[in-house]
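J.: Numbering (mature numbering (1 follows the signal peptide of the UniProt record, and there is no 0)) for the sequence shown: 544 to 819.
In this text, a Cβ means the ideal position worked out from N, Cα and C, and glycines have one as well.
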Amino acid sequence: SESARERGIAYYKPTRDSYSADRLTLVSELREALNNDDLALFMQPKQSLKTDRIVGVEVLIRWPGRATPIRPDEIIQLAEQTGLIKPLTRWVLEQSLALRSRLLEHGWPLNISINISPNNLREPDFPIFVQRLMNSHYSHRGSIIFEVTETSMMQDPENSLKTLNSLNTTGIPVSIDDFGSGYSSLSYIKQLPASEVKIDRSLVTDLATEAEDRVIVQTTIDMCQSLGYHVVAEGVEDQATADLLRDMGCDMIQGYLLTPPLPFDELLEWLANSDQ
Ligand code: C2E
Ligand code: CA
Ligand code: CA
Ligand code: CA
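(1) Taking contact to mean 3 or more Cβ pairs, one atom from each stretch, closer than 8 Å, check whether the segment 611-626 and the segment 590-601 are in contact.
(2) In the DSSP assignment, what residue or residues form a beta bridge with Met586?
(3) Can you have a look at Ile671 and say buried or exposed, based on whether 16 or more other CB atoms are within 10 angstroms of its CB?
(4) Considering only residues of the same chain and omitting the five flanking positions on each side of Ser544, which have a CB-CB separation below 7 Å?
(5) Please return the same chain residues whose Cβ sits closer than 6 Å to the Cβ of Ser695, not counting the five positions on each side in sequence.
(6) I'd like the span of the beta strand (DSSP E) that includes Glu690, first residue to last.
(7) What residues in its chain sit with their C-beta under 8 Å from that of Met791, if we drop five residues either side in the sequence?
(8) So, for Leu664: in the same chain, excluding its five sequence neighbours on each side, which residues have a beta-carbon less than 6 Å away from its beta-carbon?
(9) Our contact map puts Met690 next to Ile659 with C-beta atoms below 8 Å; I'd like the distance itself, whole angstroms only.
(10) Taking the alpha-carbon positions, what's the Ile687 to Ser639 distance?
(11) For Met696, which beta-bridge partners are listed by DSSP?
(12) Assuming Tyr772 contacts Val740 under a Cβ cut-off of 8 Å, what Cβ separation, rounded to an integer in Å, is found between them?
(13) Compute the Euclidean distance between the alpha carbons of Ile732 and Val775, then round it to the nearest angstrom.
(14) For the candidate residues Thr713, Pro667, Ser709 and Met697, whose alpha-carbon lies nearest to that of His680?
(15) Where does the unbroken beta strand (DSSP E) through Ile655 begin, and where does it stop?
(16) Look at the alpha carbon of Ser730 and the alpha carbon of Leu787, and state the distance between them as a whole number of angstroms.
(17) Where do the ends of the beta strand (DSSP E) carrying Ile742 lie?
(18) Taking 6 Å as the line, does the beta carbon of Glu777 fall inside it for any heavy atom of ligand 3?
(19) So, at 8 Å on beta carbons, what are the nonlocal neighbours of Trp813 in its own chain, with the 5 sequence-adjacent residues on each side left out?
(20) Under 6 Å: does the beta carbon of Asn654 sit that close to some heavy atom of ligand 1?
(21) Can a CB atom of chain C be found closer than 7 Å to the CB of Ala754?
(22) If you measure between the beta carbons of Arg605 and Ala576, is that distance less than 7 Å?
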């Protein structure tokens with residue numbers, strides 16, 4: 544497919560100078576977008592390979608209506624560098640609870656997974672904020688999952704562990720995101736109050752053609768399941784890969800094979816047509 548560059552779309556490029564005029568403008572635009580609810584959440588379904596049912600959705604940030612598109616990971620990086628990640632994640636959480644209520648109204652009792660930045664785990668009042676929110680939305684208890692990457696937690700392992708434990712007691716299941724993409728410490732991972740591991744897309748992409756990747760993924764699935772985690776494979780783009788993962792005993796898949804992330808109304812339409 545035609546790349547954004549070929550279509551003449553100029554993506555914002557982060558500069559080395561964090562105080563450049565462009566960047567300051569962008570930061571204030573992001574702050575404004577956040578205050579005006581101009582950011583959006585798209586949702587990508589997660590399917591069980593055991594039952595074929597859709598069990599949840601992951602919410603992913605988007606910034607529509609911008610002349611110069613910005614990739615989600617760049618939005619997040621910018622937010623992390625400027626302190627905006629604190630209000631941004633809180634906005635994502637509140638929006639997700641509202642989205643889950645709307646899903647329930649339409650007869651879809653799905654879990655919602657949210658990506659949490661390591662910076663959030665370092666906010667002293669983050670657990671209290673989450674606890675208050677979950678207490679006032681009790682019907683969503685256990686159904687809002689926090690995705691954290693192993694690499695991110697290694698910046699401050701002890702504190703991250705403490706925070707995740709306290710969140711877990713407030714009814715927040717934890718999922719280890721991008722597993723296998725960085726340096727993992729298994730002795731650390733096993734202490735985490737996690738119930739799910741998501742195998743990184745880089746290990747999934749070439750599963751059908753690379754025998755080595757199959758060995759790594761099979762070993763990862765077996766090990767994680769032996770430790771009591773459910774295993775999700777992310778970035779599944781074709782049926783051959785999904786079939787392999789099913790044979791390997793993988794619990795769930797996510798990826799373009801099902802659908803790319805969708806805005807709420809399109810997700811409802813997709814679910815209605817998904818033969819559930
Ligand atoms: P992630 O958490 O690993 O999310 C998965 C990314 O892979 C998403 O990119 C998704 O659109 C993409 N993806 C899903 N299925 C496929 C597939 O089959 N093939 C390919 N090639 N890609 C697939 P997206 O939405 O651009 O987000 C990128 C990253 O930005 C996320 O990676 C996450 O780290 C971060 N992010 C996005 N939204 C949020 C948020 O609300 N908060 C935080 N803290 N981070 C976020
Ligand atoms: Ca994720
Ligand atoms: Ca991931
Ligand atoms: Ca990723």
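T.: Short version:
(1) no
(2) In the sequence shown, the residue the question calls residue 586 occupies position 43. Met586 pairs with Val602 and Leu805.
(3) In the sequence shown, the residue the question calls residue 671 occupies position 128. Burial call: exposed.
(4) The residue you call residue 544 lines up with position 1 of the sequence shown. Confidence in Ser544 is poor, its pLDDT being 45 and thus under 50, which makes the residue's placement unreliable; the coordinate value appears in the next sentence. Contacts found: none.
(5) For this step, residue 695 is matched to residue 152 along the sequence shown. Hits under 6 Å: Pro661.
(6) Here residue 690 corresponds to residue number 147 of the sequence shown, with the count starting at 1. Its beta strand (DSSP E) spans residues Ile687 to Thr692.
(7) In the sequence shown, the residue the question calls residue 791 occupies position 248. Excluding residues within five positions, the ones whose Cβ falls inside 8 Å are Arg757, Val760, Gln761 and Ile764.
(8) Taking the sequence shown and counting its residues from 1, the one referred to as residue 664 is at position 121. Around Leu664: Ser703 and Thr706.
(9) Translated into positions along the sequence shown, residue 690 becomes position 147. Translated into positions along the sequence shown, residue 659 becomes position 116. Position check: residue 690 holds Glu in this sequence, whereas Met was assumed. Rounded, the Cβ-Cβ distance is 7 Å, consistent with contact.
(10) Translated into positions along the sequence shown, residue 687 becomes position 144. Translated into positions along the sequence shown, residue 639 becomes position 96. Taking the straight line from one Cα to the other gives about 8 Å.
(11) As a first step, residue 696 must be located in the sequence shown, where it is residue number 153. In DSSP, Met696 forms no bridge with anything.
(12) As a working mapping, residue 772 is identified with position 229 in the sequence shown. As a working mapping, residue 740 is identified with position 197 in the sequence shown. Indeed they touch by this definition, with Cβ atoms about 5 Å apart.
(13) Position 189 of the sequence shown, counted from the start, is the residue given in the question as residue 732. Position 232 of the sequence shown, counted from the start, is the residue given in the question as residue 775. Cα-Cα distance, rounded: 16 Å.
(14) Taking the sequence shown and counting its residues from 1, one reaches residue 680 at position 137. Closest by alpha carbon: Thr713.
(15) Working through the sequence shown from its first residue, we reach residue 655 at position 112. Run containing Ile655: Asn654 to Asn658, per the beta strand (DSSP E) assignment.
(16) Your numbering for residue 730 matches position 187 in the sequence shown. Your numbering for residue 787 matches position 244 in the sequence shown. So the alpha carbons of these two residues sit roughly 29 Å apart.
(17) On the sequence shown, position 199 is the one that residue 742 refers to. It spans Ala737 to Ile742 - the beta strand (DSSP E) in which Ile742 sits, taken as one unbroken run.
(18) Translated into positions along the sequence shown, residue 777 becomes position 234. Because some heavy atom of ligand 3 lies under 6 Å away, the Cβ of Glu777 counts as near it: yes.
(19) Locating residue 813 in the sequence shown gives position 270, where the first residue counts as 1. Within the same chain, Trp813 has close Cβ partners Pro588, Thr802 and Leu805.
(20) Counting from one through the sequence shown, the residue named residue 654 turns up at place 111. No, the Cβ of Asn654 stays beyond 6 Å of every heavy atom of ligand 1.
(21) In the structure shown, chain C does not exist; there is a single protein chain.
(22) Taking the first residue of the sequence shown as 1, we reach residue 605 at position 62. Taking the first residue of the sequence shown as 1, we reach residue 576 at position 33. Cβ distance not < 7 Å, so Arg605 and Ala576 don't count as in contact.
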